[in-house]
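Numbering (our numbering), first residue to last: 102 to 184.
All residues carry an ideal CB built from backbone N, CA and C; glycine is no exception.
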Amino acid sequence: MSYGVVHTTNLSGCDCYSAINETTDIENGSLVVLGDLKDGERDIYLCDAPTAAQLAATPVHLVAHPAWKYEDHSVTCQNEDEF
């Protein structure tokens, strides 16, 4: 399996959304389609991998996990390649 790695340290002028898939992990660099807002949330959307039909007709989004953890006590955690 091959996939891309997305670095988020130099993003500007792009729309960013928070999304979650409640049944499976979504890899950094994957494409997803956004669904409805998650119940009880106002900024977190449900997402899923796009089907072939959705790729042609629906906007897709590139998954870019945050590069940094909130804990900065470990140098390893500050390396973007760890995410």
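The three-state secondary structure of A120, taken from DSSP, is strand. Following the DSSP letters along the chain, one finds L135 inside the beta strand (DSSP E) bounded by residues 132–138. Rounded to the nearest angstrom, the Cβ distance from V133 to C115 is 15 Å, too far for a contact under 8 Å.
If you look at L147, you'll find it in the beta strand (DSSP E) that goes 145–149.
Annotation for A165: no alpha helix (DSSP H) segment contains it, and DSSP assigns it neither H nor E.
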